[in-house]
Amino acid sequence: MEQTNEINEAIDIPVAERRCVDDKNLKFKKKIIFLSPLLVFFFFLIGLLLKSNFKINNFMMNNSDPRILGHLPYEEVLKEDLVFIEPHIWVHKDMSRSLLSMRQDAKREGVNLVFLSGYRSIKLQEEIFYSLKSIRNQNASERARVSAPPGYSEHSTGFAIDIGDANYRETDFEVEFENTDAFRWLKMNAAKYHFKLSFRKNNRHINYEPWHWRYEGSIEALKVFETANREFINASN
Ligand SMILES: [Zn+2]
Numbered sequence: 001m002e003q004t005n006e007i008n009e010a011i012d013i014p015v016a017e018r019r020c021v022d023d024k025n026l027k028f029k030k031k032i033i034f035l036s037p038l039l040v041f042f043f044f045l046i047g048l049l050l051k052s053n054f055k056i057n058n059f060m061m062n063n064s065d066p067r068i069l070g071h072l073p074y075e076e077v078l079k080e081d082l083v084f085i086e087p088h089i090w091v092h093k094d095m096s097r098s099l100l101s102m103r104q105d106a107k108r109e110g111v112n113l114v115f116l117s118g119y120r121s122i123k124l125q126e127e128i129f130y131s132l133k134s135i136r137n138q139n140a141s142e143r144a145r146v147s148a149p150p151g152y153s154e155h156s157t158g159f160a161i162d163i164g165d166a167n168y169r170e171t172d173f174e175v176e177f178e179n180t181d182a183f184r185w186l187k188m189n190a191a192k193y194h195f196k197l198s199f200r201k202n203n204r205h206i207n208y209e210p211w212h213w214r215y216e217g218s219i220e221a222l223k224v225f226e227t228a229n230r231e232f233i234n235a236s237n
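Start counting the sequence shown at 1; every next residue gets the next number (this note's numbering).
#1: Can you confirm whether GLY118, when its beta carbon is compared against all beta carbons of chain C, has any partner nearer than 9 Å?
#2: Quick check for students: name the residue ranges of the beta strand (DSSP E) that lie wholly in the segment 137 to 178, counting only runs of 3 or more.
#3: Which of helix, strand or coil does DSSP assign to SER218?
#4: What are the partner residues of ILE89, as DSSP defines its beta bridges?
#5: Give a single yes or no on whether TRP211 has its beta carbon closer than 8 Å to a heavy atom of ligand 1.
#6: Looking at VAL114 and ASP172, is the spacing between their C-beta atoms short of 9 Å?
#7: Ligand 1 and ALA160: does any heavy atom of the ligand fall closer than 8 Å to the residue's C-beta?
#8: Does DSSP put ILE206 in a helix, a strand or coil?
#9: Quick check: the Cα distance between PHE199 and LEU48, rounded to an integer number of angstroms?
#10: Rounded to whole angstroms, what's the CA-CA distance from SER218 to ASN137? Just pull it up for me.
#11: Do SER121 and ligand 1 come close, with the Cβ less than 8 Å from some heavy atom?
#12: Can you tell me the Cα-Cα spacing of GLU126 and ALA160, whole angstroms?
#13: Specify the secondary structure class of TRP185 as computed by DSSP and reduced to three states.
#14: To the nearest angstrom, how far is the alpha carbon of PRO87 from that of GLY70?
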């Protein structure tokens with residue numbers, strides 16, 4: 001009997017141990033099967049939270065967006081910082097020399113630039129925005145595509161200039177200006193004088209204005225247009 005028991009024990013023990021390992025595996029698997037949906041649900045919840053947080057941030061950013069109808073706000077330049085260029089054209093003193101040498105150099109190459117509009121007071125911008133709006137029977141949003149609301153025009157800073165071609169005056173303030181020698185010359189050379197096209201093609205809110213250039217050749221001008229440039233970089237990304 002003793003011998004039989006010993007044999008049984010010798011057989012039983014390894015079998016019992018194997019069962020024990022299998023049980024552990026089974027329990028582990030059961031736990032995994034039970035926990036999997038919970039884990040999936042947990043990650044789903046985290047995803048939802050991140051998404052809603054992103055929406056809240058976006059909402060807050062949109063609410064703090066300083067733009068009106070796509071235009072950024074600009075302060076009016078101090079009168080003492082303006083210089084006279086020619087009748088009806090005043091610009092910021094920082095950009096006057098650069099602007100005049102640009103016109104002079106263009107002329108040497110047979111291109112005659114005409115200055116159509118420089119500094120505009122917020123008061124004048126108000127008259128332009130509202131009078132033309134009523135004449136053309138446009139609502140504010142439609143009007144804002146072609147003209148900035150008062151307090152939101154680059155012209156108020158003294159750093160913006162509208163340019164035409166002396167030989168093609170019918171293209172003044174028209175998209176067709178882009179087919180003139182003046183525009184082609186500006187496209188090739190304006191950057192050398194620190195001028196940049198403000199409203200390019202495919203702007204979401206504002207129409208393309210090939211005649212409208214802004215000056216970025218001084219620290220003050222760069223500060224004025226910092227937000228506009230940051231938005232452009234973001235939009236490009
Ligand atoms: Zn303009």
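Cβ atoms here follow ideal geometry from the backbone N, Cα and C, with glycine treated the same way.
Reading from the atomic positions:
#1: Annotation note: the requested chain C is absent from the structure, which comprises a single protein chain.
#2: 160 to 165
#3: coil
#4: Per DSSP, GLU86.
#5: Yes, Cβ of TRP211 sits closer than 8 Å to a heavy atom of ligand 1.
#6: Closer than 9 Å, so yes.
#7: yes
#8: coil
#9: Distance between the alpha carbons of PHE199 and LEU48 is about 38 Å.
#10: 39 Å
#11: The answer is no for SER121.
#12: 17 Å
#13: The DSSP-derived three-state label of TRP185 is helix.
#14: 31 Å
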